[in-house]
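Step one of this worksheet: look at the structure below.
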Amino acid sequence: MEVKAEFLNVTVSRGSGDGVYQEAFQVPAYDNQTVLDVVSWIQQNVDPTLTYRFACRVGMCGSCAMMVNGQPRWTCRTHVKKVSTNQKLKIEPLRNLPVIKDLVADMDPFFGKWVEAEGVHHPTRTRYEPIEQIDPQDAARTTANEGIECINCAVCYAACDTVTNNADYLGPAALQRAWTVYNDVKDADKSAILDAVSGKGGCHSCHSIGSCTHYCPNELNPMQAIAGLKRATSKSFFKKGR
Amino acid sequence: MKRPARTHPLWLAYILHRLSGLILALFLPVHFYVLSQAITNPALLDGFLKFAEIPVVKVAEYGLVFLLAVHMFGGLRLMALEWLPWTAPQKTLAAGAVGAAFFLSTIFFLQAV
Amino acid sequence: MDIRLYMAQRLSALVMAPLVLGHIAVMIYAVQSGITTAEILGRTQGSILWFLFYGTFVLAVSVHAAVGVRVILNEWLGIKGNTLNLLSWAIGIGLLLLGGRAVLAVTFL
Amino acid sequence: MFTVKDIERHDTDILILGTGGAGLFAALHAQQSAPEGTKITIAVKGLIGKCGCTRMVQGGYNVALGGGDTVERHFMDTINGGKWLPNQDMAWRLCKEAVVRIRELENEIGCFFDRNSDGTLHQKAFAGQTADRTVHKGDLTGIEIINRLMEQVLSRPIEKLQEHRAIGLIPTKDGKALSGVLMIDMRTGKFRFVRAKTVLMATGGGPTMYKYHTPSGDKTMDGLAMALRVGLPLRDMEMVQFHPTGLLAGEHTRMTGTVLEEGLRGAGGQLINHNGARFMFDYDAKGERATRDVVSRGIYAEMRKNNNPEQVGVFISMAHLGPDNVRKKFSGMVKRCADSGFDLAAGKVEVVPTAHYFMGGVVVDVDTRTALEGLYVAGEDAGGAHGSNRLGGNGVANSTVYGGIAGDTMASDLRSMLTLREPDEAVLESELERAIHPLIKQPALVLPLRKQLQEVMWEDVGVMRTQTGMKRALKNIAEISQNLMEVGVSNDNLAFNLTWHDWLNMRSLCDISQVIAEAGIARENSRGAHFREDFPEPGELIDSYFTVAKQSGKDIEVTREPVEFTIVKPGETILPDHEPETLVAAQ
Ligand SMILES: Cc1cc2nc3c(=O)[nH]c(=O)nc-3n(C[C@H](O)[C@H](O)[C@H](O)COP(=O)(O)OP(=O)(O)OC[C@H]3O[C@@H](n4cnc5c(N)ncnc54)[C@H](O)[C@@H]3O)c2cc1C
Ligand code: HEM
Ligand code: SF4
Ligand code: F3S
Ligand code: FES
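Residue numbers (our numbering), protein chains in the order written: chain A, 511 to 752; chain B, 7 to 119; chain C, 165 to 273; chain D, 43 to 629.
Take a look at the structure:
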């Protein structure tokens, strides 16, 4: 009933390392079809060995991101209609990360940098103390809130040319997290954060290319967060001379 | 190859800034060399300045000043973005910078011819 | 790029901004009357102000371009470590020497 | 092909399966309280923190934090919500420890929950609660909780085995204790046996054997199927919670079944049947605002009345609240619907009840210990805390509270466990053979069988059940199960072979589906999520029993055990006399 006599011409990147090749598939087109559905259809119906990753299927877990027609996308929430012109789709693993197999990228470097950027809470209180009262309208709090809904999908990481060009660069998501923690009034070690983002691959490597912000599926603004870090580190540079 | 579309204004601003900086950096030694001829070989410098009257060279010169202006405003835009608390109409700033650069270098160009 | 390089690049850029504006203004004014070596030298020769003006520019631009090109060398050509350091210093010092000679040429020598 | 010799052997002290709220909390607590030098390993079917359902929590976290609300009140709501079936000691510990856990989440882990304008935590009420109790971060509470936990775990010296799927619990030769866990390293397709002194199973249940379901794709009842095979008792296995409003977007899309949040109905969203009429008031005086089970049954009944194949579900309509208003208040939901092509703000969206949460699970004590020495179970895999119905907001409280307890318990039990235990090699071998079974069969598609199973469960063991239906289901499940054993998976390339894992998923789902149907037949009354059309009455509360299912030979044996009212008896309350029935202002 929903099936139209139409097909999508899908090219999928297969393999890993030196053995990467492209394979073409014809996939029936449906209404309400997402890119993840297209990939799933191939695996479930024609090529059982096709590998991809997903979990939540509703844009919460950030594990399904791939390159779709050259652009980084969360595939579970990307409608085919939104990205395909003339029924053509080209699907590849996320850019800027090692490929494990087919459409699955190794996200370890991404999370390694997340921790390296001190994107981790430094407690001021323990579980035996009451929860801190914090004015939700407070300026720092509002700033922290802006980046808090990141689902670590690495779409921004894949979009950024600086990440491609500079292996040390921590990347937009990790830096945005660092900025969020930095603005958290509950955080005890702001100078550790500034130190972490002031090194070789820190926030200063960002050229404000803005692809991160452009592609973030959650409409977050890592570019702005990184600018915040540049500002904060500059201030502390003048104050402390380092 | 995996290559995200980069057709958004900020990416263009970035590549323009980078290329203009690079070309300026390549041109600068030449510029310095020519100027230092002022002592050792004034005729050469004069010759160069004459040479600079040729329209093609004029356009190239115009290009360099244009690049300098583009790069400078691009750079100022970046620093404003980084150091001043961020305001939303970012893209307007980028466009404005390029516009101003055009304006300046056009004046220069018109003055020159 | 770490914070030291970053600050060097931004601060030198800030120093250059008014100088570049000034320079362009002078050039606009100058080309109107048609530039000659004599004309340039007439303006600048023996002037400590012009020496400081261009001297500062040369100093700033050496730092600025060295850092700038360093980043590009690293990102686009993948040059790293000592080679990168060496190249950056070479660019900076090279520009400083060339530029210094040019400034001296038009002002004092 | 594979023999026991090909299994890579690996040792650790504490092994944790799963990285939902339970798994991650266990890792942190174990790391904090275990003796110096203890090796902690976390193994998970997906990536750390990026799979499972804790991340998908929208509404929030139930915890009594004063302002009139008390642990006693939270406890009474939990018991009433669970229709007097919960294990009261577990429910009590859940409510009591949640208070500590929420402070830990905020103060130590770094979560930030929404505040009132005076800076205190904002709390709201889910259906079935008598106080504003649910702490939240917008409607993305789970992302906040799991991201913060994940960062903490990633930044600690904990061994990580990502994309490692547990496939069998391997006991010692005498069967009294657990030796370790057999897994598949999904990326390479190789087998790995990890011995550990203590193992926490926190694989999060996951009723994904239903045509419509909400949990993440990695959850397929693996844990419960493994527990069943080592002979552990499973309780309340008939209790499958349906969320009334799952998105219906067609069979070919994974979006179908995903949940449209409860807040929509709370805010005044209307449910419309195929005749274009509101119907919920025909079923309950609270209309759309009735509890999940009631609304699910209302929708299901309407769906049955309708025989238009073009329209399967009912519609949720928000437009009368003002599209702009809806867009603002439910921006996440509106965007999500728009992505799949629906206009929630101004149009109407087709919905169906969708399998959401599994109340049943392994029988454990209040410290998460099981009958098998060395094995601990927490989170959605553990049964008892919720009885026949889980209150919205009690799910994540349960996984984080008991995950933490499991971490502490394992760390302290470990002190008296001096050596690793030797596995029963025969079990190891049979578990291996079970996993490679499809690799020697003629390759065929797995998906059609999954669809069949989902259809069977939805039709006959779903929102409303009868003995005839469930008997029929058992027959069908057995047939699907048998057919599955004839479906092969090509063994050319086992590295990250999703189809092999689809097959293994189906194996777990078939096994547990059978248990659900058997337990459903054994409960001859209607409580909470379990509704028998042939036994619509709840039965005497004082005679409440829970079901316990166990593998015995090839069969499933279900017994009934009386609920022990250790804290409060039906008809009584532990609230002080003068306490009002509810503190929530009528909506
Ligand atoms: C859409 C949705 C919304 C919800 N909203 C709420 C809410 O608002 N409030 C609330 O209290 N509760 C809510 N819940 C319920 C809540 O999410 C769960 O009760 C709770 O998070 C379960 O936690 P867990 O740690 O037991 O399991 P999960 O968080 O599901 O984690 C299970 C983990 O085990 C892993 N795993 C599974 N199988 C294997 C295997 N074979 N080997 C290795 N690892 C394995 C999984 O990959 C995953 O990492 C919601 C659930 C869903 C689906
Ligand atoms: C007034 C003048 C100038 C200003 C305000 C300015 C500003 C800047 C800024 C802010 C950057 C950093 C860009 C980034 O990190 O993305 C930069 C980069 C650079 N600048 Fe300049 N600059 C000026 C003049 C010059 C001149 C005269 C030269 C050349 C000789 C030059 C060469 C470069 C180069 C090569 C780069 C590196 C580009 C990159 O990394 O993408 N700049 N400039
Ligand atoms: S900032 Fe946006 S794009 Fe980047 S990881 Fe977070 S959610 Fe994804
Ligand atoms: S795209 Fe990259 S360079 Fe900076 S602004 Fe974003 S991180
Ligand atoms: S599958 Fe979770 S974000 Fe797409």
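Cβ atoms here follow ideal geometry from the backbone N, Cα and C, with glycine treated the same way.
State yes or no: is the beta carbon of residue i nearer than 8 Å to at least one beta carbon in chain B?
i	result
ARG587 (chain A)	no
SER594 (chain A)	no
ALA266 (chain C)	yes
SER744 (chain A)	yes
ALA677 (chain A)	no
LEU190 (chain C)	A small correction: the amino acid at residue 190 (chain C) is Val; Leu does not occupy that position in the sequence shown. Answer no: the Cβ-Cβ gap between VAL190 (chain C) and chain B never drops below 8 Å.
ALA737 (chain A)	yes
Can you tell me where the alpha helix (DSSP H) with residue i in it begins and where it stops?
i	result
PRO603 (chain A)	Careful: PRO603 (chain A) lies outside any alpha helix (DSSP H) and carries neither H nor E.
ALA684 (chain A)	682–693
TRP240 (chain C)	212–241
LEU70 (chain D)	63–75
ASP450 (chain D)	436–455
ASN249 (chain C)	245–271
Which chain C residues are close to residue i, counting only those with a beta carbon under 7 Å from its beta carbon?
i	result
SER708 (chain A)	ASP166 and ILE167
TYR39 (chain B)	LEU262
Checking 8 Å against the spacing of the C-beta atoms, do residue i and residue j come in under that value?
i	j	result
GLN73 (chain D)	ARG237 (chain D)	no
VAL177 (chain D)	PHE155 (chain D)	yes
GLU628 (chain A)	ILE703 (chain A)	yes
CYS666 (chain A)	TYR725 (chain A)	yes
ILE212 (chain D)	PRO465 (chain D)	yes
What in chain C is Cβ-close to residue i, meaning under 8 Å?
i	result
HIS714 (chain A)	MET165, ASP166, ILE167, LEU169 and TYR170
Please compile the residues from chain A whose C-beta is within a distance smaller than 7 Å of the C-beta of residue i.
i	result
LYS92 (chain D)	ALA565, CYS571, GLY572 and SER573
THR162 (chain D)	GLN643
TRP253 (chain C)	What TRP253 (chain C) touches in chain A: nothing, since even the nearest Cβ is about 17 Å away.
LEU84 (chain B)	SER718
Does residue i get closer than 8 Å to chain A when you measure Cβ to Cβ?
i	result
THR451 (chain D)	no
TYR68 (chain B)	no
LEU87 (chain B)	yes
GLU203 (chain C)	no
In chain D, which residues lie with their C-beta within 8 Å of the C-beta of residue i?
i	result
TYR540 (chain A)	GLY292, HIS294 and THR295
LEU599 (chain A)	Per Cβ cutoff of 8 Å: no residues; LEU599 (chain A) is ~15 Å from chain D at best.
ALA555 (chain A)	Before going on, a small fix: residue 555 (chain A) reads as Asn here, not Ala. Here the neighbours are LEU487 and LEU489.
For the beta strand (DSSP E) containing residue i, name the first residue and the last one.
i	result
SER594 (chain D)	587–594
LEU59 (chain D)	56–59
VAL505 (chain D)	Premise fails: VAL505 (chain D) is in no beta strand (DSSP E) and is neither H nor E.
PHE517 (chain A)	517–524
Check the Cβ of residue i against every Cβ in chain A and list those closer than 8 Å, keeping chain order.
i	result
HIS14 (chain B)	GLY720, SER721 and HIS724
LEU34 (chain B)	Neighbours of LEU34 (chain B) on chain A: none; closest Cβ ~21 Å, over 8 Å.
VAL391 (chain D)	Going along chain A, no residue has its Cβ under 8 Å from VAL391 (chain D), so there is no contact; the nearest lies around 11 Å.
Are the C-beta of residue i and some C-beta of chain C separated by less than 8 Å?
i	result
THR521 (chain A)	no
PHE535 (chain A)	no
Could you work out which residues of chain D lie near residue i, taking near to mean beta carbons separated by less than 7 Å?
i	result
ILE610 (chain A)	ARG229 and PHE538
MET617 (chain A)	LEU89
For residue i, decide whether its Cβ has a neighbour in chain D, counting only Cβ atoms nearer than 8 Å.
i	result
THR559 (chain A)	yes
GLN686 (chain A)	no
PHE621 (chain A)	yes
Chain B partners of residue i, CB-CB under 7 Å?
i	result
LYS740 (chain A)	GLU88
ARG174 (chain C)	MET85
Given that residue i touches chain D, what residues does it touch there, using C-beta distances under 9 Å?
i	result
PRO633 (chain A)	ASN149, GLU150, ILE151 and GLY152
Chain F partners of residue i, CB-CB under 7 Å?
i	result
ASP547 (chain A)	Protein chains in the displayed structure are A, B, C and D, and chain F is not among them.
Please list, in chain order, the chain C residues whose beta carbon lies closer than 9 Å to that of residue i.
i	result
ALA106 (chain B)	None at all; the shortest Cβ gap to chain C is about 11 Å.
What are the residues in the stretch 637–670 of chain A lying within 8 Å of chain B by C-beta distance? Flagged, chain order: ALA668 and ALA669.
Along the stretch 227–250 of chain C, where does the CB come closer than 7 Å to a CB of chain A? Name the residues. Those would be ASN238, GLU239 and TRP240, in chain order.
With 7 Å as the limit, tell me which residues of the stretch 297–316 of chain D have their beta carbon closer than that to any beta carbon of chain A; keep them in chain order. Listed in chain order, the positions of the stretch 297–316 of chain D with a beta carbon within less than 7 Å of a beta carbon of chain A are MET297 and THR300.
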